[in-house]
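**Q**
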Amino acid sequence: MENCCELCGRMTGLTRHHLIPKRVHRSESIRAKFTKEVLNQRIAKLCKACHRHVHRTLKERELAVQFHSVELLREHPDIQAFVDWLKDKPDDFSPRLSRRKRK
11 MENCCELCGR
21 MTGLTRHHLI
31 PKRVHRSESI
41 RAKFTKEVLN
51 QRIAKLCKAC
61 HRHVHRTLKE
71 RELAVQFHSV
81 ELLREHPDIQ
91 AFVDWLKDKP
101 DDFSPRLSRR
111 KRK
């Protein structure tokens, strides 16, 4: 399904999530691990709720080093629990999220 969130599968407005956040592209360790093309092409289509939850849950460096694919994001326990909860909600459902959850 082309127009659905790659995490929860809902058919709703999508955002572009850089799997390797642009803010860390200049880091030498990130440049050593990924080519410029990979850095710019690793993008996932996520609904706003999933996108917000990903950024609330993981720091940018964690995203770049440990969770740089949709498959890896799905394996994170907090994201997996959120997606399991959200996937059966109506497409127009927008959860209220607290400010920050990061540890």
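Here the sequence shown is numbered in my numbering, starting from 11 and rising by one per residue.
We put the CB at the ideal spot given by N, CA and C, even for glycine.
Note that this is a predicted model, so its numbers are computed, not measured.
1. Are R33 and E70 closer than 9 Å when you measure CB to CB?
2. Check whether the region 74-82 touches the region 91-109, taking contact to mean three or more Cβ pairs, one atom from each stretch, closer than 8 Å.
3. Return helix, strand or coil for R36, following the three-state DSSP convention.
4. Just to confirm my understanding: we take V93, look at its own chain, exclude 5 residues before and 5 after, and list those with CB closer than 8 Å. What are they?
5. Rounded to whole angstroms, what is the Cα-Cα separation between D88 and T67?
6. Do you know offhand how far G23's Cα is from K58's?
7. Where does C57 fall in DSSP's three states?
8. Would DSSP call R52 helix, strand or coil?
**A** Taking the coordinates as given:
1. yes
2. no
3. coil
4. L17, C18, C60 and R84
5. 7 Å
6. 7 Å
7. strand
8. coil
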